[in-house]
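Novice:
Number of protein chains: 2
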Amino acid sequence: MELRQLRSLIAVVEADFSVSRAAERLHLVQPAVSQHLKQLEEELGTLLFSRQGKRLAGLTEAGERVLVHARRVLSGTASILAVGQDHTGHDSGVLRIGATHTQARYVLPPVIRRFREEYPRVELQILQGTPQQLAVMTVRDQVDLAICTEALHDYPGLATLPSYRWNRCLIAPLGHPLLEVSPVTLGRLCEYPIITYVAGFTGRRQFSDTFARVGLRPRVVLSATDTDIIKTYVREGMGVGIIAAPAFEPVNDADLGRRDLSHLFPWETTRIAYLRERYLRRFQERFIEIFKEEADRMALGSRAPRVPPGPG
Amino acid sequence: MELRQLRSLIAVVEADFSVSRAAERLHLVQPAVSQHLKQLEEELGTLLFSRQGKRLAGLTEAGERVLVHARRVLSGTASILAVGQDHTGHDSGVLRIGATHTQARYVLPPVIRRFREEYPRVELQILQGTPQQLAVMTVRDQVDLAICTEALHDYPGLATLPSYRWNRCLIAPLGHPLLEVSPVTLGRLCEYPIITYVAGFTGRRQFSDTFARVGLRPRVVLSATDTDIIKTYVREGMGVGIIAAPAFEPVNDADLGRRDLSHLFPWETTRIAYLRERYLRRFQERFIEIFKEEADRMALGSRAPRVPPGPG
DNA sequence: CGTTCTTACGTGTGTCGTAACGATC
DNA sequence: GATCGTTACGACACACGTAAGAACG
Chain A
1 MELRQLRSLI AVVEADFSVS RAAERLHLVQ PAVSQHLKQL EEELGTLLFS RQGKRLAGLT
61 EAGERVLVHA RRVLSGTASI LAVGQDHTGH DSGVLRIGAT HTQARYVLPP VIRRFREEYP
121 RVELQILQGT PQQLAVMTVR DQVDLAICTE ALHDYPGLAT LPSYRWNRCL IAPLGHPLLE
181 VSPVTLGRLC EYPIITYVAG FTGRRQFSDT FARVGLRPRV VLSATDTDII KTYVREGMGV
241 GIIAAPAFEP VNDADLGRRD LSHLFPWETT RIAYLRERYL RRFQERFIEI FKEEADRMAL
301 GSRAPRVPPG PG
Chain B
1001 MELRQLRSLI AVVEADFSVS RAAERLHLVQ PAVSQHLKQL EEELGTLLFS RQGKRLAGLT
1061 EAGERVLVHA RRVLSGTASI LAVGQDHTGH DSGVLRIGAT HTQARYVLPP VIRRFREEYP
1121 RVELQILQGT PQQLAVMTVR DQVDLAICTE ALHDYPGLAT LPSYRWNRCL IAPLGHPLLE
1181 VSPVTLGRLC EYPIITYVAG FTGRRQFSDT FARVGLRPRV VLSATDTDII KTYVREGMGV
1241 GIIAAPAFEP VNDADLGRRD LSHLFPWETT RIAYLRERYL RRFQERFIEI FKEEADRMAL
1301 GSRAPRVPPG PG
């Protein structure tokens, strides 16, 4: 068995079972990749691909199983290379961060700024996606770190560190009655059209559950994945927004009124996730540190409780 | 990076940094192994070994880190080969079981007997060790499955399945006063010299803690790792034995009296451990099944509670 | 002086690329 | 007929083994 054979296996799977495209990606010619697959199947004594004629159609059961471990193997070699780069003293490399829009837009900027100062030679990549997608990207080693609030529990291969806790706030055009009335209750919220996140994003599940538990049905007239979109339509007067508190920017959002809602909803914990077994380079660990520091600083301004030391 | 380079790295470490002996084990000549190490160090740009002159003395920090992942990589390739063997239909191979003496002597025999009938072409190896050693052997992939009650919690890389619960019983020469008096209490036990397991074995910690918690100090006059040894000295009249109940054999031990002590001590859970990430071959999973079935059968004869479904 | 690792060199294996062939939509 | 995979073949690379040299106890 050779590493190149495993690389070809994975490349073919990720190229939707096109050997030619896999070969391109690997900077090889197509017969070479074909040979790798053949050699693997011969050594293992089993077909890894189901075929339709000559064309590859999918993985056999054996193929699925092999794939899992092939990924582990190559992840291991990547870790080994990373150790090397860490010890050559070059603080250079690539840091691939997976984040939702809310994280990338409102939470990450100060973190990124500090990180860039410390590691100017590290190329930063921010890849966006739904929490679900981020989790998958992380286990597939397409991002180094993922930052999100949801969907991480289902992947035992991921280690997750709690980074900060947050809750929601209400935003509305200045002068809106909900900004004046005291106190705000779940019932009051239901009297107005609401704009918030779509399901699967930024604590939407807990949001909905909170109302459901007391038998209320909020009138969500619009939901979006991005806080920006929510703000936009709040400004247009389509309804009141319920957003993650860290996403409110006092300066840019001075035209909007804001009220804290942490007495109404459960606190959410945003976590940093990465592949449990992989080697984290120095600057990757440092990024996590900076993130936590900035998160703590942010928490000082709010009433957020400390993150629990809980397990991943 | 090539797999052979990683193999050489590991072999050299496991040969106490002798390149020649590593080469022997790998069925290579010594310059070949030297070259592998050199290539690895060159590719990573770091020394992996600390040297005294030409001789290798130990691993550098980078070397230690690389070693961890190199093991993962080769464990992955082993899993891939195992998938292949599972799918070629040959139910042959090797099953390496790590067990303490108590397990190997009193619990495993019926399991092994059934397993051998089902898989006559699988070679069985029973490797003995302390629970601590067994855990290490498992993470190093020197055994496939380890069966023990202790020391597994400290290794996050291990998956553990609860298999059966057991408690202790008292053994003494027939006619011994402790066999007659009713009921047996911790206090009564302290009146007699006791023979039981050494620390780190077969629930010795819980044994000692139980007494300590009520301020009693049992007079342990002899401790051993093997139940056989304990029985021997009980027969010689050196004291009463406190052993794992499954280790009492009504037929062979007819010359000894026995009393259940499960009302005095906490129940222990024996677990089956294996490397979390590795692929378990069919017959390996089947062995676990058989083990659990036999454990259940054994539990029917005792008052043992069902194993909890708890996590690994 | 034996042991152990390094360096040097030749041979043979095997990997990849080119090219021609076959199948499938 | 264009696309995609397989087969055939040759050139180049390189991994291993042999053999000789250098450091260490």
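Top to bottom, those sequences are chains A and B. Read the first sequence against our numbering and you will find it ends at 312, with the numbers running on by one and no gaps. Read the second sequence against our numbering and you will find it ends at 1312, with the numbers running on by one and no gaps. Glycine included, C-beta positions come from ideal geometry on N, C-alpha and C.
Roughly how many whole angstroms lie between the Cα atoms of ILE10 (chain A) and LEU1275 (chain B)?
Specialist: As a position in the first sequence, residue 10 (chain A) is number 10, starting the count at 1. As a position in the second sequence, residue 1275 (chain B) is number 275, starting the count at 1. Those two C-alpha atoms are separated by around 23 Å.
Novice: Give a yes or no on whether the minimum CB-CB distance between PRO311 (chain A) and chain B is below 8 Å.
Specialist: In the first sequence, the residue the question calls residue 311 (chain A) occupies position 311. Because PRO311 (chain A) sits at a pLDDT of 49, beneath the cut-off of 50, its placement in the model cannot be relied upon, and the point is left open.
Novice: Give me, in chain order, the residues of the same chain whose beta-carbon lies closer than 6 Å to that of GLY312 (chain A); leave out the 5 immediate sequence neighbours on both sides.
Specialist: Taking the first residue of the first sequence as 1, we reach residue 312 (chain A) at position 312. With a pLDDT of only 43 at GLY312 (chain A), under the threshold of 50, the placement of this residue in the model should not be trusted; the figure read from the coordinates follows. Around GLY312 (chain A): ALA159 and THR160.
Novice: Could you list which residues in chain B have their beta carbon closer than 9 Å to that of HIS153 (chain A), in chain order?
Specialist: Numbered from its first residue, the first sequence carries residue 153 (chain A) at position 153. The premise fails here: HIS153 (chain A) is roughly 13 Å from chain B at the closest Cβ pair, so nothing lies under 9 Å.
Novice: Mind pulling the alpha helix (DSSP H) runs of 4 or more residues that sit fully within the segment 219 to 272 of chain A?
Specialist: Within the segment 219 to 272 of chain A, the complete alpha helix (DSSP H) runs of at least 4 residues are 227 to 235.
Novice: Note down the Cα distance separating THR102 (chain A) from ALA78 (chain A), rounded to an integer number of angstroms.
Specialist: For this step, residue 102 (chain A) is matched to residue 102 along the first sequence. For this step, residue 78 (chain A) is matched to residue 78 along the first sequence. Rounded to the nearest angstrom, the two C-alpha atoms are 30 Å apart.
Novice: Can you check whether the CB of GLU1043 (chain B) is closer than 8 Å to the CB of MET1001 (chain B)?
Specialist: Stepping through the second sequence from its first residue, residue 1001 (chain B) is reached at position 1. Stepping through the second sequence from its first residue, residue 1043 (chain B) is reached at position 43. In contact: MET1001 (chain B) and GLU1043 (chain B) (Cβ atoms closer than 8 Å).
Novice: When burial is assigned at 16 or more other CB atoms within 10 Å of the CB, is PRO1250 (chain B) buried or exposed?
Specialist: For this step, residue 1250 (chain B) is matched to residue 250 along the second sequence. Exposed, because fewer than 16 other Cβ atoms sit within 10 Å of the Cβ of PRO1250 (chain B).
Novice: What are the start and end residues of each continuous beta strand (DSSP E) run of 3 or more residues lying completely inside the segment 1107 to 1162 of chain B, in chain order?
Specialist: Runs found: 1122 to 1128 and 1145 to 1148.
Novice: Taking C-alpha atoms, which residue in B:GLY1089, B:ARG1007 and B:TRP1267 lies nearest to HIS1036 (chain B)?
Specialist: Against the second sequence, residue 1036 (chain B) aligns to sequence position 36. With distances taken between Cα atoms, HIS1036 (chain B) lies closest to B:ARG1007.
Novice: Verify the CB distance criterion: does GLU1293 (chain B) have a CB-CB separation below 8 Å to chain A?
Specialist: Position 293 of the second sequence holds residue 1293 (chain B). False, the Cβ-Cβ gap to chain A never drops below 8 Å.
Novice: Check each candidate in A:PHE211, A:VAL83 and A:VAL13 and name the one with the smallest Cα separation from ARG55 (chain A).
Specialist: Counting from 1 along the first sequence, the entry for residue 55 (chain A) is found at position 55. The candidate whose alpha carbon is nearest that of ARG55 (chain A) is A:VAL13.
Novice: Output the distance between the C-alpha atoms of VAL1240 (chain B) and ALA1172 (chain B), rounded to the nearest integer angstrom.
Specialist: Stepping through the second sequence from its first residue, residue 1240 (chain B) is reached at position 240. Stepping through the second sequence from its first residue, residue 1172 (chain B) is reached at position 172. Distance between the alpha carbons of VAL1240 (chain B) and ALA1172 (chain B): 5 Å.
Novice: Counting only the same chain and skipping the five closest in sequence on each side, list residues whose C-beta sits under 6 Å from that of ARG1025 (chain B).
Specialist: Looking up residue 1025 (chain B) in the second sequence gives position 25. Cβ neighbours of ARG1025 (chain B) beyond the five flanking positions: ALA1011.
Novice: Please list, in chain order, the chain B residues whose beta carbon lies closer than 8 Å to that of VAL122 (chain A).
Specialist: Taking the first sequence and counting its residues from 1, the one referred to as residue 122 (chain A) is at position 122. Those do not exist, as VAL122 (chain A) stays about 17 Å from chain B at its closest Cβ, beyond 8 Å.
Novice: When you compare the CB positions of SER1204 (chain B) and TRP1267 (chain B), do they come within less than 8 Å of one another, or not?
Specialist: The residue you call residue 1204 (chain B) lines up with position 204 of the second sequence. The residue you call residue 1267 (chain B) lines up with position 267 of the second sequence. For clarity, residue 1204 (chain B) is Arg in the given sequence; the question names Ser instead. No, they are not a contact pair.
Novice: Would you mind stating whether LEU1108 (chain B) and ALA1273 (chain B) have Cβ atoms separated by less than 8 Å?
Specialist: The residue given as residue 1108 (chain B) occupies position 108 in the second sequence. The residue given as residue 1273 (chain B) occupies position 273 in the second sequence. Going by C-beta atoms, LEU1108 (chain B) is not nearer than 8 Å to ALA1273 (chain B).
Novice: Using a Cβ-Cβ cutoff of less than 8 Å, which residues in the same chain neighbour ARG140 (chain A) once the five nearest sequence positions on both sides are dropped?
Specialist: If you number the first sequence from 1, residue 140 (chain A) lands on position 140. Within the same chain, ARG140 (chain A) has close Cβ partners ARG71.
Novice: For the segment 1272 to 1291 of chain B, enumerate the residues whose C-beta is nearer than 7 Å to any C-beta of chain A, in chain order.
Specialist: Residues passing the 7 Å Cβ filter: GLU1277 and TYR1279.
Novice: Can you find a C-beta in chain B that's less than 8 Å from the C-beta of VAL234 (chain A)?
Specialist: Position 234 of the first sequence, counting from 1, holds the residue named residue 234 (chain A). So, not an interface residue.
Novice: May I ask you to report which of helix, strand or coil DSSP gives PHE201 (chain A)?
Specialist: Your numbering for residue 201 (chain A) matches position 201 in the first sequence. PHE201 (chain A) falls in the coil class under three-state DSSP.
Novice: Go ahead and label ARG297 (chain A) buried or exposed: buried means 16 or more other beta carbons lie within 10 angstroms of its beta carbon, across all protein chains shown.
Specialist: On the first sequence, position 297 is the one that residue 297 (chain A) refers to. The residue is exposed, with fewer than 16 neighbouring Cβ atoms inside 10 Å.
Novice: Touch check for the segment 1244 to 1260 of chain B and the segment 1188 to 1195 of chain B: three-plus C-beta pairs under 8 Å?
Specialist: Result no; under three Cβ-Cβ pairs closer than 8 Å.
Novice: May I ask you to list, following chain order, the residues of the segment 1057 to 1077 of chain B that have a beta carbon less than 7 Å from some beta carbon of chain A?
Specialist: Residues passing the 7 Å Cβ filter: ALA1062, ARG1065, VAL1066, HIS1069, ALA1070, ARG1072, VAL1073, GLY1076 and THR1077.
Novice: Can you tell me which of B:LEU1003, B:SER1018 and B:ARG1282 puts its alpha carbon nearest to the alpha carbon of SER1092 (chain B)?
Specialist: Within the second sequence, residue 1092 (chain B) is the residue found at index 92, counting from 1. Answer by Cα proximity: B:ARG1282.
Novice: Quick one: does THR1138 (chain B) have its CB under 8 Å from some CB of chain A?
Specialist: Counted from its first residue, the second sequence places residue 1138 (chain B) at position 138. So no, THR1138 (chain B) is outside the interface.
Novice: Taking Cβ-Cβ distances shorter than 7 Å, what residues in chain B pair up with THR46 (chain A)?
Specialist: The count along the first sequence starts at 1 and reaches residue 46 (chain A) at position 46. Those are GLY1084, HIS1087 and THR1088, listed as they occur along chain B.
Novice: Beta-carbon separation of GLN5 (chain A) and GLN39 (chain A) under 8 Å?
Specialist: Residue numbering aside, residue 5 (chain A) sits at position 5 when the first sequence is read from its first letter. Residue numbering aside, residue 39 (chain A) sits at position 39 when the first sequence is read from its first letter. A contact, by the Cβ cut-off of 8 Å.
Novice: Taking ILE1010 (chain B) as the query, report the chain A residues whose CB atoms sit under 9 Å from its CB, ordered along the chain.
Specialist: Walking along the second sequence from the start, residue 1010 (chain B) turns up at place 10. Result: empty, since nearest Cβ-Cβ is about 12 Å, beyond 9 Å.
Novice: Could you tell me whether any Cβ in chain A is nearer than 8 Å to the Cβ of GLU1117 (chain B)?
Specialist: Numbered from its first residue, the second sequence carries residue 1117 (chain B) at position 117. By this cut-off, GLU1117 (chain B) is not an interface position.
Novice: In chain A, what lies closer than 7 Å to SER1079 (chain B) by C-beta?
Specialist: On the second sequence, position 79 is the one that residue 1079 (chain B) refers to. HIS69, listed in chain order.
Novice: If you draw a straight line from the C-alpha of PRO1156 (chain B) to the C-alpha of LEU174 (chain A), how long is it?
Specialist: In the second sequence, counting from the first residue as 1, residue 1156 (chain B) sits at position 156. In the first sequence, counting from the first residue as 1, residue 174 (chain A) sits at position 174. Approximately 53 Å, taken between the alpha carbons.
Novice: Quick test of your reading: LEU1170 (chain B) and CYS1148 (chain B), contact by CB under 8 Å. State the CB separation rounded to the nearest angstrom.
Specialist: Stepping through the second sequence from its first residue, residue 1170 (chain B) is reached at position 170. Stepping through the second sequence from its first residue, residue 1148 (chain B) is reached at position 148. In fact, because the Cβ distance is near 23 Å, the residues do not count as touching under 8 Å.
Novice: Under the three-state reduction of DSSP, which class applies to ALA172 (chain A): helix, strand or coil?
Specialist: Residue numbering aside, residue 172 (chain A) sits at position 172 when the first sequence is read from its first letter. Of the three classes helix, strand and coil, the one that applies to ALA172 (chain A) here is strand, per DSSP.
Novice: Tell whether a beta-carbon distance below 8 Å holds between GLY84 (chain A) and GLY1045 (chain B).
Specialist: Here residue 84 (chain A) is taken as the residue at index 84 of the first sequence, counted from 1. Here residue 1045 (chain B) is taken as the residue at index 45 of the second sequence, counted from 1. Going by C-beta atoms, GLY84 (chain A) is nearer than 8 Å to GLY1045 (chain B).
Novice: Grab me the residues of ALA247 (chain A)'s own chain with a C-beta within less than 6 Å of its C-beta, minus the 5 sequence neighbours each way, in chain order.
Specialist: For the purposes of this step, residue 247 (chain A) is identified with residue 247 of the first sequence, where counting begins at 1. The answer, listed in chain order, is THR102, TYR106 and THR227.
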